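These protein sequences, in sequence, are chains A and B.
In terms of full-length UniProt numbering, the first sequence has 16 at position 16, counting the first letter as 1, and numbering is strictly consecutive.
In terms of full-length UniProt numbering, the second sequence has 24 at position 24, counting the first letter as 1, and numbering is strictly consecutive.
Ideal placement from N, C-alpha and C gives every residue a C-beta, glycine not left out.
Just so we're clear, the structure is a prediction, and the values are computed from it rather than from any experiment.
Structure first, then comments.
2 protein chains.
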Amino acid sequence: MSLSEKNFAFVMHCGEMGSRWGFNRTIGQMCGLLIITKNPMTANEIADALSISRGNVSMGIKELQSWQLIKVQHIPGDRKEYYAPAGEIWDMANRVFEERKKREIEPTLTLLRDNLLDEASNDDELYAQKQMGEIHNLLETVTKWSSELQRLTPEQLNKLMKLGSGIGKVIDLKDKIFKKE
Amino acid sequence: MSLSEKNFAFVMHCGEMGSRWGFNRTIGQMCGLLIITKNPMTANEIADALSISRGNVSMGIKELQSWQLIKVQHIPGDRKEYYAPAGEIWDMANRVFEERKKREIEPTLTLLRDNLLDEASNDDELYAQKQMGEIHNLLETVTKWSSELQRLTPEQLNKLMKLGSGIGKVIDLKDKIFKKE
DNA sequence: ATTTACTTTCTGAAATTATTGAAAGTTAAT
DNA sequence: ATTAACTTTCAATAATTTCAGAAAGTAAAT
């Protein structure tokens, strides 16, 4: 079974974008392919569909598993491994987001915290520390905020999203009601 | 004037991270360097501080300008160009975010919209379209939501951030008050 | 118009990253 | 124990990206 033109275009597009999301072209293609394919696929089917080597598929699978984006399935009486997306689109996006946070924000936070422990010994250092402090705060806010969002129930989240620009009003509303502090 | 050990470590770290944010190592380093350096720097100073070629700096400047992350300044009676960050940390993060959205979300949205116009002609295509539809919705939500956030005043934004997990309660509260619909 | 002080562009070399395909590994069936 | 049907690993190669340094460009000062 081969891909329709449109579906193929989508898979290739995932390849181009893939590199921006932290994996390489092939892995992006694999991910896109598995997402739009109804039935789980074998490694060989993937290799054929994308015209890449079997070995390359094996690497890609390992990588996609490390991102927890795909899962393995077995069909009784069949020794092959079948691969499928590990969850709904929303879950997958969340995983990518989480993984990226871990890879790019956390190391920076660690380094910044370490740097900020030192006393600045002159004006230049003081300025550098001020700037690093700002980055640190920004990253902490982003981290905290994103984990808060993930704590919401899907229902709350949905409401929040629908709220859209109304969010501003709700904040003001909350202020009026609890204006004591 | 050369960098302290800690500051140098920060700049190098920006190099490593840089590639994840869409530019390359050198450009990440340049960006970090300009952020923690109090005074605007000339291209030659940058080249010296990072031990890279003058030509490479020139490329990097062009790229950073295309991201609107740095600005050029002139000192009267001096022909050199001096480079400095284009704004506060928060602004720069916003620019990077915006630019990434433009580069990776918008093209995908375009492709998906195009693909979703077609009628599915069989079961496989129908499934593929369903999945693409989900991705499309997710990306639209993210896009919409992020531009809502940018529309908030810094003050509102600050309150929202401080709210943290309390956001859930506020949503529920709002629901109770306007429970008519 | 020339020189001088700069910036930009471009080419090929170097470094990095991705990919193949063959060999090795694994495991179920016989 | 051997074979058959798979998967994984890895060394060699291919493709891509980054970079230095030279050459070309620009424009202020003389």
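As the crow flies, the alpha-carbon of A:P85 is around 13 angstroms from that of A:S66.
A:P107 and A:I135 have their C-alpha atoms roughly 13 angstroms apart.
When only Cα atoms are considered, B:L139 and B:S4 end up about 43 angstroms apart. Restricting attention to A:E119, A:D48 and A:L34, the CA atom closest to the CA of A:E88 is found in A:L34. Counting other Cβ atoms within 10 Å of its Cβ, A:P40 reaches 16 or more and is therefore classed as buried.
Contact annotation, B:R54 with B:A43: C-beta distance approximately 6 angstroms; criterion of less than 8 angstroms satisfied. Neighbours of B:S4 in chain A, taken as residues whose beta carbon is under 7 angstroms from its own, are E125 in chain order. Of all residues in the region 134-154 of chain A, only E134, I135, L138, T141, K144, W145, E148, R151 and L152 place a beta-carbon less than 7 angstroms from a beta-carbon of chain B.
Distance check between B:N137 and each of B:L117, B:L112, B:L126 and B:E45 places B:L112 closest, using alpha-carbon atoms only. Counting along the chain, no beta strand (DSSP E) covers A:Q68, and no H or E run does either. Taking 8 angstroms as the threshold, the shortest C-beta distance from B:N7 to chain A falls below it. If you keep only unbroken alpha helix (DSSP H) runs of at least 4 residues inside the region 81-155 of chain B, you get 89-100, 106-117 and 123-151.
Close to A:F10, with beta-carbon spacing below 8 angstroms, are these residues of chain B in chain order: L111, L112, N115, A128 and M132. Under the Cβ distance rule, A:G168 counts among the residues neighbouring chain B, one pair being separated by less than 8 angstroms. Counted as a single uninterrupted DSSP element, the stretch harbouring B:I52 is not any alpha helix (DSSP H), since DSSP gives it neither H nor E. Between B:M161 and A:T141 a beta carbon distance of about 6 angstroms is seen, short of the 8 angstroms cut, so the two are scored as contacting. For A:T42, the three-state secondary structure derived from DSSP is strand. With fewer than 16 other beta carbons inside 10 angstroms of its own, B:Q73 counts as exposed.
With its beta carbon less than 8 angstroms from one in chain A, B:E104 belongs to the interface. Proximity of the region 13-23 of chain B to the region 124-135 of chain A falls short of the contact definition, fewer than three beta-carbon pairs being nearer than 8 angstroms. Collapsing the DSSP output to three states places B:H74 in a strand. In the three-state scheme derived from DSSP, where H, G and I count as helix and E and B as strand, A:N24 is classed as coil.
Taking a Cβ-Cβ threshold of 7 angstroms, none of the residues of chain B is close to A:H74; the smallest such distance is about 21 angstroms. At least 8 angstroms separates the CB of B:G87 from every CB of chain A.
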